[in-house]
Amino acid sequence: MFHWLEKHPFFFAVGVFLVISFAGLIEILPNFAQASRPVIGTTPYSTLELAGRHVYIKNSCNACHSQLVRPFKSETDRYGHYSLSGEYAYDRPFLWGSKRTGPDLWRVGNYRTTDWHENHMKDPAGVVPGSIMPAYRWMFTNNADIDTAFAEQLTVAQFFSVPYNKPVPMKDGSTTVVKMGSSVAEANALALAEAKLIAADMKDQDVKDAVANGQIPEIVALIAYLNSLK
Amino acid sequence: MENRPLEYDYTVAKMFMLTTIILGIVGMLIGVILAFQLAFPEVNLILGEGLAEYTNFSRLRPLHTDAVIFGFTFSGIFSTWYYVGQRVLKVSMAESGFLMFIGKLHFWLYLVGVAAVVVSLFMGITTSKEYAEFEWPIDIAIVVVWVLFGLSIFGLIGIRREKSLYISIWYYIATFLGIAMLYLFNNMEIPTMLAQSAAGESGIGAWYHSVSMYAGTNDALVQWWYGHNAVAFGFTVPIVAMIYYFLPKESGQAIYSYKLSLLSFWGLMFVYLWAGGHHLLYSTVPDWMQTMGSIFSVILILPSWGSAINMLLTMKGEWQQVAASPLIKFMVLGSTFYMFSTLEGPIQAIKSVNAIAHFTDWIVGHVHDGVLGWVGFMIMAALFHMAPRVFKREIYSKSLMATQFWIQTLGVVLYFTSMWIAGITQGMMWRAHDEFGNLAYSFIDTVTVLHPYYTIRGVGGLLYLVGFLMFAYNIYKTMSARPVEESELQNASPMGA
Amino acid sequence: MDIAELQAYGYFALTGFMVLVLYGYIYHLYSKKKDADGHDYEDYSNMALNDDIDDAPVTSMSDDKEKK
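Chains as they are written, first to last, in this note's numbering: chain H, 7 to 236; chain U, 1331 to 1827; chain Z, 9 to 76.
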């Protein structure tokens, strides 16, 4: 067998490929169906939240912030209940991160407010003395991309049966429906309605004016997303 | 021209040498800026408030990793392939117009890809997956570049004179196959412009945006299967390919045991792929996969050390060369750092160690003693060995090389020692409880304590960058200042004073 | 038998098989010492050392054709 492989580069390459694909086949594939089932109480992201998630990704927040609470007392004390697989069922891509230069954000919605985020994103060291996080002032003037968020909702609803406009079971036994627009115009209207609730809790007059004029600055979408992490 | 003897044709190798150096400078410069941003946050505004969005840590960070991985390292891999490939197969690229064309096309398309990546990452167009940040149009371009690389490898093998494939060729083939498989599976994504709304609209939003085929835990599994093995097939396998050629060639010594090199190859191929799970310890992936990741990471020491020891023993009886030649120094220290980081990695993959190390700077330190000490040193050594042969000129300055070696070694040592201390300090502070069972430190305490280590790391990185600039200058002067030599030299590189 | 169990058996059997192959290969290398063409494995190191375009190959493509 070995004599023969040594003489045939093509079969040699096939051999290498078999050996290196072995682990992937065994390790990854069989688990797929199981791990993608959502736990009760996990809802898909609304249009505005998803647009905020895109802002989060665009600025690589995941380079410094994890979204994974490990099952240790020190972590559950600091961040809340440890992560469950099904809680990530609607996270495409996952944003666990690999480095905690700043704290974990997976349950940040439980203990930070719109107002806190607004001040913090403008001047992190002013809110947390000693912070090395840079300010993200451009988020107050750039507008969020609602259309792309809507396109992503449509895609996941069509290809992965993510339950938009359908009842989703909650922990208390009730159900809730996450609405998705039927057209670009409706999606924008839905996002704007949600943005107005956020902007009402904010102080920045330019942001308030922009939302009143039908625009959605990135910061509003980002805060909607961060508030949804619970 | 008729009677000119056949010679190896290094045109494409030279082109990729150029990008290795330029992208190396870019990637390392960004790295140094990032390091100082962590130590002194005002560096985030290095070009003023107006450009803050583009000079911000988070925007630059993917640019740093991608510039050093896909820019510096992959250029180095391509460059050495177009050099080593011809030589050990004993066939010149000048013999095949087709392969020459493919090689040049490979280079130019690669350059287009690099430009697209730089622009898109500055704009914040990213999928967020580490080392796979590119959106689908760039993914397609990368696949094309990779196929061209494959054509070059198998094309050259197809017209070879030497029937047997040297061990380095095995490793280059494995690099090609491994990256191809990993990249394709990890980047499965659906462009969102395909979706149609209930009102019949399509092509909504940004045309380049896509959504991952995998969700949550699955996405994490596939990503770290990729992320870990991209390190295998980008930072280990091709670099081993290089050292198996360049160290014996430069020292004039045959590999200590060719049989051991074959064995280590198969061992590495089999074991490496399992170890990806160690990035996900204590996460929500199934327990048995985490355990498997740990166990295989520890086993991985064997094939890694098989190669490294083989290299060090190749120098048996010739250790005076390490003292005499700066080029051998680079390679011997590279092998040593390889042994060191392949021991450190498995230690970090042990679950109880990982509980402290994960998410901290210790991981950053581990990556950097591998890439600065092993990948960086080996690629520079390879280019130093190639330069006199492809330019037919003596190396410009031997003493500059030696100085560079010591400056960079100091840089690496400063880098990983500071990151060890920083990582372990932070890991211990995160988990510390006081006597009442409350957390002893708030998060910000664990950040401010790191300031001195971040500063030392920045200095270490800066020293490495300075050394790299010396390297670039030395190569540039070799190209231009030295007189042309008559014939190619056999083993050791000719070096000026 | 659910998929997790199959996965575990599959993993175990294949790993065992791979280990056998690897040890078989070690045994093959160190007992035979020479490969299918009758070359000592250690000779292949010379592919790096004598790699000028007019050096003689360790195993030549043209030799092979003559034999056939």
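Beta carbons: idealized from backbone N, C-alpha and C, even for Gly.
Problem set entry | Nearest-angstrom Cα separation, counted from H/R143 out to U/G1406 | The sequence position of residue 1406 of chain U within the second sequence is 76, counting from 1. The sequence position of residue 143 of chain H within the first sequence is 137, counting from 1. Cα-Cα distance, rounded: 39 angstroms.
Problem set entry | Beta-carbon neighbours of U/G1773, restricted to chain H and to distances below 8 angstroms | Position 443 of the second sequence, counted from the start, is the residue given in the question as residue 1773 of chain U. It is worth fixing the name first, because residue 1773 of chain U is Phe in this sequence and not Gly. Under the 8 angstroms cutoff, chain H gives R84, G108, P109.
For this session: Give the straight-line distance between the Cα atoms of H/V190 and H/K172, rounded to the nearest whole angstrom.
Result: Your numbering for residue 190 of chain H matches position 184 in the first sequence. Your numbering for residue 172 of chain H matches position 166 in the first sequence. Our two residues, H/V190 and H/K172, have alpha carbons roughly 19 angstroms apart in a direct line.
Problem set entry | Burial state of Z/K76, where buried means 16 or more other Cβ atoms lie within 10 Å | In the third sequence, the residue the question calls residue 76 of chain Z occupies position 68. Any reading at Z/K76 needs caution, since the residue's pLDDT is 38, under 50, leaving its predicted position unreliable; the model's value is listed next. When all chains shown are included, Z/K76 counts as exposed.
Exercise. When you compare each of U/R1391, U/T1747, U/A1446, U/S1458 to U/P1828 by their alpha carbons, which one comes out closest?
Worked result: The requested residue 1828 of chain U is not part of the displayed model; chain U covers only 1331 to 1827.
For this session: Answer with buried or exposed for U/N1768, where buried requires no fewer than 16 other C-beta atoms within 10 angstroms of its C-beta.
Result: As a working note, residue 1768 of chain U is residue 438 in the second sequence. That one is exposed.
Exercise. Between U/A1504 and H/V22, is the Cβ-Cβ spacing less than 8 angstroms?
Worked result: By one-based count along the second sequence, residue 1504 of chain U stands at place 174. By one-based count along the first sequence, residue 22 of chain H stands at place 16. U/A1504 places its beta carbon less than 8 angstroms from that of H/V22.
Exercise. Over what stretch of residues does the alpha helix (DSSP H) that includes U/I1376 continue unbroken?
Worked result: To locate residue 1376 of chain U, count along the second sequence from 1; it is residue 46. Careful: U/I1376 lies outside any alpha helix (DSSP H) and carries neither H nor E.
Exercise. Which residue from H/R43, H/V217, H/I63, H/T82 puts its Cα closest to that of U/E1460?
Worked result: Position 130 of the second sequence, counting from 1, holds the residue named residue 1460 of chain U. Nearest of H/R43, H/V217, H/I63, H/T82 to U/E1460, Cα basis: H/I63.
For this session: Output, in chain order, the set of chain Z residues within a Cβ distance shorter than 8 angstroms of U/V1418.
Result: As a first step, residue 1418 of chain U is located in the second sequence; it is residue number 88 there, counting from the start. Simply M55, A56, D59.
Exercise. Which term fits H/K4, buried or exposed, when burial requires 16 or more other beta carbons within 10 angstroms of its beta carbon?
Worked result: Nothing in the structure corresponds to residue 4 of chain H, since chain H is present only between 7 and 236.
For this session: Return the CA-CA distance between H/A206 and H/K236, expressed in angstroms with no decimal places.
Result: To locate residue 206 of chain H, count along the first sequence from 1; it is residue 200. To locate residue 236 of chain H, count along the first sequence from 1; it is residue 230. Using only the alpha carbons, I get a separation of about 21 angstroms.
Exercise. DSSP state of H/V183, grouped into three classes?
Worked result: Within the first sequence, residue 183 of chain H is the residue found at index 177, counting from 1. If DSSP states are grouped into helix, strand and coil, H/V183 belongs with the strands.
Problem set entry | Supposed close pair U/P1813, U/R1723 - CB separation, criterion 8 angstroms | Counted from its first residue, the second sequence places residue 1813 of chain U at position 483. Counted from its first residue, the second sequence places residue 1723 of chain U at position 393. With a contact defined as Cβ atoms closer than 8 angstroms, U/P1813 and U/R1723 qualify at about 7 angstroms.
Exercise. Tell me which same chain residues have a C-beta within less than 7 angstroms of the C-beta of U/M1345, skipping the five on either side of it?
Worked result: For this step, residue 1345 of chain U is matched to residue 15 along the second sequence. Answer for U/M1345: F1437, listed in chain order.
Exercise. What residues from the stretch 1577-1608 of chain U come within 8 angstroms of chain Z, judged by C-beta to C-beta, listed N to C?
Worked result: Those residues of the stretch 1577-1608 of chain U that come within reach of chain Z (Cβ to Cβ, closer than 8 angstroms) are P1578, K1579, G1582, A1584, I1585, S1587, Y1588, K1589, L1592, L1593, W1596, G1597, F1600.
Problem set entry | Listed by chain order, chain Z residues near U/R1491 by CB distance under 9 angstroms | The count along the second sequence starts at 1 and reaches residue 1491 of chain U at position 161. The answer, in chain order, is I61, P65, S68, M69, S70.
Exercise. Would the beta-carbon of U/E1337 fall within 8 angstroms of that of U/S1422?
Worked result: Residue numbering aside, residue 1337 of chain U sits at position 7 when the second sequence is read from its first letter. Residue numbering aside, residue 1422 of chain U sits at position 92 when the second sequence is read from its first letter. Going by beta carbons, U/E1337 and U/S1422 fall inside the 8 angstroms limit.
Problem set entry | DSSP three-state assignment for Z/E74, whether helix, strand or coil | The count along the third sequence starts at 1 and reaches residue 74 of chain Z at position 66. At Z/E74 the pLDDT is 44, less than 50, meaning the model places this residue with poor confidence; the figure from the coordinates comes in the next sentence. The answer is helix: DSSP assigns Z/E74 an H, G or I state.
For this session: May I ask you to list the residues that DSSP assigns as paired with U/Q1526?
Result: As a first step, residue 1526 of chain U must be located in the second sequence, where it is residue number 196. In the DSSP assignment, U/Q1526 is bridged to U/S1532.
Exercise. Which one of U/D1775, U/M1430, U/F1387, U/P1335 has the shortest CA to CA distance from U/T1341?
Worked result: Along the second sequence, read from residue 1 onward, the residue named residue 1341 of chain U stands at position 11. Residue U/M1430 holds the alpha-carbon nearest to the alpha-carbon of U/T1341 among U/D1775, U/M1430, U/F1387, U/P1335.
Problem set entry | Ranges of the beta strand (DSSP E) found wholly within the stretch 133-180 of chain H, counting only runs of at least 3 | Entirely contained in the stretch 133-180 of chain H, the beta strand (DSSP E) runs reaching 3 residues are, in chain order, 173-175.
Exercise. So is H/Y94 in contact with chain B if we call contact Cβ pairs under 8 angstroms?
Worked result: Structure shown: chain B not included; protein chains present are H, U and Z.
Problem set entry | Helix, strand or coil at U/V1449 [DSSP, three-state] | Here residue 1449 of chain U refers to the residue found at position 119 when the second sequence is read from its first residue. Helix, per DSSP.
For this session: Starting from the C-beta of U/Q1651, find all residues in its chain whose C-beta is less than 6 angstroms away, skip the five residues before and the five after it, and write them out in chain order.
Result: On the second sequence, residue 1651 of chain U is found 321 positions in, with the first residue counted as 1. Cβ within range, chain order: S1581, I1658.
For this session: Give every residue of the same chain whose Cβ lies closer than 6 angstroms to the Cβ of U/M1331, excluding the five residues on either side of it in the sequence, and list them in chain order.
Result: The residue labelled residue 1331 of chain U in the question sits at position 1 within the second sequence. With a pLDDT of only 43 at U/M1331, under the threshold of 50, the placement of this residue in the model should not be trusted; the figure read from the coordinates follows. The answer is none, since no qualifying residue turns up.
Problem set entry | Candidates U/S1450, U/M1622, U/Y1412, U/T1808: closest to U/R1389 by CA position | Working through the second sequence from its first residue, we reach residue 1389 of chain U at position 59. It is U/S1450.
For this session: With 9 angstroms as the limit, tell me which residues of the stretch 29-41 of chain Z have their beta carbon closer than that to any beta carbon of chain U; keep them in chain order.
Result: Those would be V29, L30, Y33, I34, L37, Y38, K41, in chain order.
For this session: Taking U/E1372 as the reference, give the member of H/A95, H/G136, H/L160 with the closest Cα.
Result: Counting from one through the second sequence, the residue named residue 1372 of chain U turns up at place 42. The option with the nearest alpha carbon to U/E1372 is H/G136.
Exercise. Is the Cβ-Cβ distance between U/V1662 and Z/M55 less than 8 angstroms?
Worked result: Counting from one through the second sequence, the residue named residue 1662 of chain U turns up at place 332. Counting from one through the third sequence, the residue named residue 55 of chain Z turns up at place 47. Going by C-beta atoms, U/V1662 is not nearer than 8 angstroms to Z/M55.
Exercise. Got a sec, what are the start and stop residues for the beta strand (DSSP E) U/P1521 sits in?
Worked result: Translated into the one-based positions of the second sequence, residue 1521 of chain U becomes position 191. For U/P1521, the enclosing beta strand (DSSP E) stretches over residues 1519-1521.
Exercise. Is the shortest distance between the beta-carbon of U/L1336 and the beta-carbons of chain Z less than 8 angstroms?
Worked result: To locate residue 1336 of chain U, count along the second sequence from 1; it is residue 6. The C-beta of U/L1336 comes closer than 8 angstroms to at least one C-beta of chain Z.
For this session: Using the Cα positions of U/G1597 and U/T1395, report the straight-line distance between them to the nearest angstrom.
Result: Residue mapping note: residue 1597 of chain U aligns to position 267 of the second sequence, counting from 1. Residue mapping note: residue 1395 of chain U aligns to position 65 of the second sequence, counting from 1. Going from the Cα of U/G1597 to the Cα of U/T1395 covers about 28 angstroms.
For this session: Check H/P223 in the structure and name its three-state DSSP category.
Result: Here residue 223 of chain H is taken as the residue at index 217 of the first sequence, counted from 1. Note: H/P223 maps to strand in three-state DSSP.
Problem set entry | Euclidean distance between Cα positions of U/N1548 and U/M1619 | By one-based count along the second sequence, residue 1548 of chain U stands at place 218. By one-based count along the second sequence, residue 1619 of chain U stands at place 289. For U/N1548 and U/M1619, the distance between alpha carbons rounds to 12 angstroms.
Exercise. Helix, strand or coil: how does DSSP classify U/M1825 here?
Worked result: On the second sequence, position 495 is the one that residue 1825 of chain U refers to. In this structure, DSSP gives U/M1825 an extended state, which the three-state scheme calls strand.
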